[in-house]
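Protein chains in written order, with the numbering used here: chain S, 54 to 154; chain L, 45 to 681; chain U, 602 to 918. A virtual CB, placed ideally from N, CA and C, is assigned to each residue, including glycine.
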Amino acid sequence: MSKVGCLCCLYFKPHIYVSSAGYCSLKGRCVFGDGVVCGEYRDKVIDDLKKVLSDVGWVYCVTCRKTLVDEFELEDHFNSHDVVADVLIDEAVSDEAPSAD
Amino acid sequence: MELNEVSLILGGAQGSGLEASMLILSRALAYGGYGVIADREYYSNITGRHSYIHMNVSATNIPRSLRYPVNLLAAMDSESIFTHFNDVANGGVIIYDRGVDGKRISDVPSMEDALKLRVLKHLQDLNIESDVASILTYLEKERRITRVGVDFTRWLRMLASKFELQPRVLSRYVSGIIVVTTALILGLDLEYVKYGFEAQFGNRKEIVKENLYLMDLIKEDLNQYGGLLQIKKPTINSDKVMLATGNDFVAIGKIVAGVRYQSYYPITPAADESFLLEKFEVIEYDGDVIGPIIVMQTEDEIAAITSAMGASLTGSRSSTATSGPGFDLMVEGLSWAGMNEVPIVITYYQRGGPSTGQPTRGSQSDLFNAAFSAHGEFARVVLSSGDHLEAFYDTVNAFNIAERYQVPVIHLLDKFLANSLATVPVPDLSKVTIDRGFTSNGGKDYKRFDLNHKISPRAFLGTLNTVMWYSGDEHDEYGHIVEDPENRISMYSKRIEKLQIIESEVPEEIKLRLYGEGSPDYLIVGWGSVKGVALDALDELRKAGYRGMYLDMKMLYPFPKKEFLKVISGVDPSRVIAVEHSYNVSISDLISMSTNVKIVKKVAKFTGRPMVLNEFVEAIIKLLTSKEEYKVLRYGA
Amino acid sequence: MVPEVNSYKTDLWVDWCPGCGNFGILTAVTKALEELKLEPSRTVIVSGIGCSGKIAHFVNVNGVHTLHGRAIPFAMGIKLANPDLTVIVHGGDGDLLSIGGAHFVALGRRNLDVVVVMHDNGVYGLTKGQASPTLQLGVKTKSLAKTNIQQPVNPILLALASGYTFVARGYALDVNHLKEIFKKAITHRGAAFVDVLQPCVTFNDVLTADYYRKRIHKLEDEGGWDPLVKDIDDRRSKLFKAIEKGLEWDSKIYTGIFYLDNSVMAFEERLSERLSRYPLRNPSNSKIVADNSRPIIGSDNFEKIFKDFVVYVRKGG
Ligand SMILES: Cc1ncc(C[n+]2csc(CCOP(=O)(O)OP(=O)(O)O)c2C)c(N)n1
Ligand code: SF4
Ligand SMILES: [Zn+2]
């Protein structure tokens, strides 16, 4: 992991665009991911993400802005990138999505 | 020095709140009395790719065109800086999130390789590193560009300490930060911004409240930058304006015109028009309802046009809206409308082709498709509109012409006009009339295609004691199939000779409009959305000593030869320049085939981005002062 | 109202080949209209292109002879804009199931109150006998150079899958039986489909009158046949039964009503939930112009109606 902070915590779900902010599934509210962590911090290890991968079907690399769907991919990104279990999609995405093609 | 006019870019990832920022800021500016035009540039993508809003704000008039370089760049992410830093004027301002200082181009996965390479090369030439901080430092030193680094996270955290924030709406605060910071730098009264928030989030009181709190924080923190690009107090004299896109104005025009059936198959940049119509399906007014307007999402564009024709036969004003690919599918239907003299309006928003092309980018390359597609010979009308307000009036004109002459009318617009947001005077409804053309109450021996009239009076399907037939095959006066050669001559001529009636009866102001000074030493000829940039160019060129005029060809088919020739007669042919967002500048071909007048000087742009004033003026001067005949414009990311 | 016109046939000379099944369909439909006393001016036949498409000219009610494959969407526009009209689509099997397949499916999904009559002759008649989408695999009709290597689509099953709430099959040369089916289809509220087996004497030497005579069985002759869906729970079993009968072809070909479901909302009803006063107030009869050629939206109400787009500039400053 390149950083410390909520982004490395298992309970944290970063916002799609403001990745320093997001949702803490433990506290059930909005938190900010950079800087200090709280006492409940739980370091995210690769096995946690593998479990999510097998339960949910995907995890997300914040660095590459890429959805990862298999274990090899996960292993590739995990060490040097910020990989998270879930992303928080802002309401603006569906609101503002232009029709295209 | 206070500015009369400010150009700016708001950049960020598609779906990250740019639209909201544009709307809040535009509402604030409109409320403050400023004129605004905002072009939206976006990818064919739902979220994640780089999008930007290119705005021009004026204190003195309603702006008609866009400008580069811009005075201000508000960058929601690093990609916006890499993409647009070169578009910022000397002495300008860049607002950005300090959190991206260390980002390098190579860290931005969403950027296209070609652009990355181009920017890298440019940075190399300037001998600077490819990270945000280095670029900003360079701009500060070499080009007096102020960097206003703001700390999004810090403000968000402060906000969160005061309010229970919903993480799903964080973009609403990021939009707030962008808008408030921009407003501060322009030295706007923050009351305007408050109005903007209220208008945007009206029914969501808590978001308004939180943004106002944020506004106070920002005001305090960024005090030093207040009025850095001070815009003048507005002097546009109007107590109200409309703030809407071209799509909106067409939809509103259709409602006023009395459309009762609109069909569509979703496609960019047309679909927004139908969404808006759907909101107005039934208008409750004065204890009564206006409408209903049936808005049908059909299974394809073929069903869109054919069902609209079916509805039209019952006497309902009917229309459909599409862009190139959908129009291509409609063409057989168009031919049926020609054969059966069906009034129908097709709103055709051009985008970049061929094929899927650049579906979210602008273009004017479908002029010939609109004017000449479909088999067989028949009368149709193609109208274009130069700006938002014209689009409104022309929409009504389109229905009136369709019904009066019983022809399909293609209202040819484009993505630039459709998607740009602008402050526009409220239309003058006293100028609007409804003409339903020649109608009949039918009766026992009713003949739908009665040859005693050049335009046979129309009875509608369902008229009591009246039966009628329609057929795509050649038909007699009753509408029954006949292949008799004499009947063929009568019916064929009747259908096609309507073109002459149209040419002689349609008022001149619907056909073309001429702007600028008399006895000009050059003439620009164009149509549709190039009007704004052309008119602004006339003003700029006047300052440089050129007396010019702009001829806006509004009715493209049938081509108004007589009126065109009258305009062109006094002008030296080598001083006429045709302009269009296409490669071929087809308007010049249309003119030469219709009138034999050859226009050899052309300005073309086919990047999918709109022509902006500076490049346009340069090109005109070049064409007027050299032997060059063809200039291709390429500005804009 | 009783129509003034006695005959529902126009006096045009009918130019189908002698012995063509279309004559039976024409007679059945005009008789049905007559017996239902449908007023010609309030009735519209919308047809496609093909031999079958010409029928619009032979019936003395409004006729809209459209484009190849597009009769259904034309009919939809007519019906939605003026829901008072009785709208009947006639098309060939190529027209409705090949080039117009998307519209055929869409109409079922909408359950719009329109009748679709398919002239099912297994060939493209008017283009001289090519295989149509209902022609069986491995069959070689007269003007095919080789046997057909495409599978047929089963119109009954396709209609059921698409959501038609009245699905029937008739035989062109059993005019009285066909007429009764038409009458029920017309009075049904919702999308009705009638597959009419129509011998094409000129190009289809396989699906001949003789072929059909040997195989046709009427569903109503099967003991206890009842296609009517009683309630939502009954729907599944009625559908299965209809599919089972619809699958029969080689030795037995069923005619009659396969499926009838009155429990599904017609599209007009779905629309009326969104549009107050529809269908009473509809596109064809709602006002759009005030007395003085002005639109009904004028200077007095424009800003109120479009208030979301109007910005009142702040005072003073
Ligand atoms: C003739 C034509 N009409 C409309 C469009 C616009 N268009 C592009 S994608 C699309 C629909 C996409 O839906 P779907 O096929 O379900 O694909 P998804 O995006 O869900 O994967 C439409 C209508 C087009 N490209 N061409
Ligand atoms: S289907 Fe399209 S819109 Fe839906 S999640 Fe995938 S990319 Fe996004
Ligand atoms: Zn990665």
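Closer than 7 Å, Cβ to any Cβ of chain S: which residues of the region 367-392 of chain L, in chain order?
none
Between Gly487/L and the rest of its own chain, which residues show a CB-CB distance below 7 Å, the 5 nearest in sequence each way excluded?
Taking the first residue of the second sequence as 1, we reach residue 487/L at position 443. For Gly487/L, where only same-chain residues beyond five positions count, the Cβ hits under 7 Å are Asn509 and Thr510.
Mind checking Leu639/U: buried by the 16 CB within 10 Å criterion, or exposed?
Taking the first residue of the third sequence as 1, we reach residue 639/U at position 38. Buried, by the Cβ-count rule.
Gln58/L vs Glu149/S beta-carbon contact at 9 Å:
Residue numbering aside, residue 58/L sits at position 14 when the second sequence is read from its first letter. Residue numbering aside, residue 149/S sits at position 96 when the first sequence is read from its first letter. It is a contact, given that the beta carbons lie within the stated cut-off.
Contact set between the region 151-169 of chain L and chain S, restricted to residues whose Cβ is under 7 Å from the partner:
Pro153 and Ser154
Are any of the Cβ atoms in chain L nearer than 9 Å to that of Tyr725/U?
Taking the first residue of the third sequence as position 1, residue 725/U is located at position 124. With 9 Å as the cut-off, Tyr725/U does not count as an interface residue toward chain L.
Hey, is the region 337-350 of chain L in contact with the region 358-371 of chain L, meaning 3+ C-beta pairs nearer than 8 Å?
yes
Using the beta-carbon of each residue, which ones in chain S are nearer than 7 Å to Phe196/L?
As a first step, residue 196/L must be located in the second sequence, where it is residue number 152. Result: Val71.
Can you find the residues in the same chain that come closer than 7 Å, C-beta to C-beta, to Thr669/L, ignoring five residues on each side of it along the sequence?
Numbered from its first residue, the second sequence carries residue 669/L at position 625. Closer than 7 Å at the Cβ level, and outside the excluded window around Thr669/L, lies no residue.
Using CA atoms only, rank isn't needed, just tell me which of Phe660/L, Gly652/L and Val611/L is closest to Val641/L.
Your numbering for residue 641/L matches position 597 in the second sequence. Taking only the C-alpha atoms, the option nearest Val641/L is Val611/L.
Interface partners of Glu93/S on chain L, CB under 9 Å:
Counting from one through the first sequence, the residue named residue 93/S turns up at place 40. What Glu93/S touches in chain L: nothing, since even the nearest Cβ is about 17 Å away.
Quick check: the Cα distance between Ile817/U and Ser417/L, rounded to an integer number of angstroms?
As a working mapping, residue 817/U is identified with position 216 in the third sequence. As a working mapping, residue 417/L is identified with position 373 in the second sequence. C-alpha separation (whole angstroms): 48 Å.
Assuming Leu357/L and Tyr514/L are in contact, meaning their beta carbons sit under 8 Å apart, how far apart are those beta carbons, in whole angstroms?
As a working note, residue 357/L is residue 313 in the second sequence. As a working note, residue 514/L is residue 470 in the second sequence. About 7 Å; that satisfies the 8 Å criterion.
Since Met374/L is in the alpha helix (DSSP H), which residue starts that stretch and which ends it?
One-based indexing of the second sequence puts residue 374/L at position 330. Run containing Met374/L: Gly368 to Asn384, per the alpha helix (DSSP H) assignment.
Buried or exposed (CB count within 10 angstroms, at least 16 for buried), Phe125/S
Locating residue 125/S in the first sequence gives position 72, where the first residue counts as 1. That one is exposed.
Indicate whether Ile621/L and Lys598/L have their beta-carbon atoms separated by less than 9 Å.
The residue labelled residue 621/L in the question sits at position 577 within the second sequence. The residue labelled residue 598/L in the question sits at position 554 within the second sequence. Not a contact, by the Cβ cut-off of 9 Å.
Rounded to whole angstroms, what is the Cα-Cα separation between Ser147/S and Lys160/L?
Working through the first sequence from its first residue, we reach residue 147/S at position 94. Working through the second sequence from its first residue, we reach residue 160/L at position 116. The straight-line gap from Cα to Cα measures roughly 28 Å.
Mind listing, in chain order, the residues whose beta carbon lies closer than 6 Å to a non-hydrogen atom of ligand 1?
Asp154/S, Tyr309/L, Pro310/L, Ile311/L, Glu345/L, Pro369/L, Gly370/L, Leu373/L and Thr400/L
Does Arg304/L come within less than 9 Å of chain U when only Cβ atoms are used?
Within the second sequence, numbered from 1, the residue matching residue 304/L stands at position 260. Chain U contact via Cβ: present.
Give a yes or no on whether the C-beta atoms belonging to Val303/L and Ser399/L are separated by under 9 Å.
Locating residue 303/L in the second sequence gives position 259, where the first residue counts as 1. Locating residue 399/L in the second sequence gives position 355, where the first residue counts as 1. Result no, Cβ atoms of Val303/L and Ser399/L do not sit closer than 9 Å.
Identify, in the order they occur along the chain, each residue of the same chain with its Cβ nearer than 6 Å to the Cβ of Leu183/L, setting aside the five sequence neighbours on each side.
If you number the second sequence from 1, residue 183/L lands on position 139. Around Leu183/L: Ile189.
Host beta strand (DSSP E) of Asn100/L (start-end):
Here residue 100/L refers to the residue found at position 56 when the second sequence is read from its first residue. Start and end: His94 to Ser102.
From His704/U, His658/U, Ile844/U and Ala732/U, residue whose alpha carbon lies closest to that of Glu345/L
As a first step, residue 345/L is located in the second sequence; it is residue number 301 there, counting from the start. Nearest C-alpha to Glu345/L: His704/U.
Can you list the residues of chain L that Met677/U reaches, using a CB-CB cut of under 7 Å?
Mapped onto the third sequence, residue 677/U falls at position 76. Under the 7 Å cutoff, chain L gives Ser351 and Gly354.
Are there 16 or more other CB atoms within 10 angstroms of the CB of Trp617/U, so buried, or fewer, so exposed?
Mapped onto the third sequence, residue 617/U falls at position 16. Buried: at least 16 other Cβ atoms inside 10 Å.
With 9 Å set as the bound, which would you pick, yes or no: does the beta-carbon of Arg71/L sit closer than that to a beta-carbon of chain U?
Position 27 of the second sequence holds residue 71/L. Cβ-Cβ to chain U under 9 Å: yes for Arg71/L.
Is it true that the region 857-871 of chain U meets the region 702-721 of chain U, where meeting means three or more beta-carbon pairs spaced less than 8 Å apart?
yes
Here's the rule: buried if 16 or more other CB atoms are within 10 angstroms of the residue's CB, otherwise exposed. What is Trp199/L?
Position 155 of the second sequence holds residue 199/L. With 16 or more other Cβ atoms within 10 Å, it is buried.
Taking the alpha helix (DSSP H) that Tyr217/L falls in, what are its first and last residues?
In the second sequence, the residue the question calls residue 217/L occupies position 173. It spans Leu214 to Ile229 - the alpha helix (DSSP H) in which Tyr217/L sits, taken as one unbroken run.
Within 9 Å of any Cβ in chain L, is that where the Cβ of Glu126/S sits?
Looking up residue 126/S in the first sequence gives position 73. Answer no: the Cβ-Cβ gap between Glu126/S and chain L never drops below 9 Å.
Tell me the rounded alpha-carbon separation between Gly370/L and Ala315/L.
For the purposes of this step, residue 370/L is identified with residue 326 of the second sequence, where counting begins at 1. For the purposes of this step, residue 315/L is identified with residue 271 of the second sequence, where counting begins at 1. Taking the straight line joining both Cα atoms gives about 11 Å.
Per the contact definition of three or more C-beta pairs closer than 8 Å, is the region 426-435 of chain L in contact with the region 524-533 of chain L?
no
Any chance the CB of His419/L is under 8 Å from a heavy atom of ligand 3?
As a position in the second sequence, residue 419/L is number 375, starting the count at 1. Not so, every heavy atom of ligand 3 lies at least 8 Å from the Cβ.
Select from the region 876-897 of chain U all residues with a C-beta closer than 9 Å to any C-beta belonging to chain L, and list them in chain order.
Leu876, Ser877, Arg878, Tyr879, Arg882, Asn883, Pro884, Ser885, Asn886, Ser887, Lys888, Ile889, Val890, Ala891, Asn893, Ser894, Arg895, Pro896 and Ile897
When every heavy atom of ligand 2 is checked, does at least one fall within less than 8 Å of the C-beta of Ala150/S?
Start at 1 with the first residue of the first sequence, and residue 150/S comes out as number 97. Yes - ligand 2 has a heavy atom lying nearer than 8 Å to the Cβ of Ala150/S.
Examine the Cβ distances between the region 793-810 of chain U and the region 769-782 of chain U and report whether three or more of them are shorter than 8 Å.
yes
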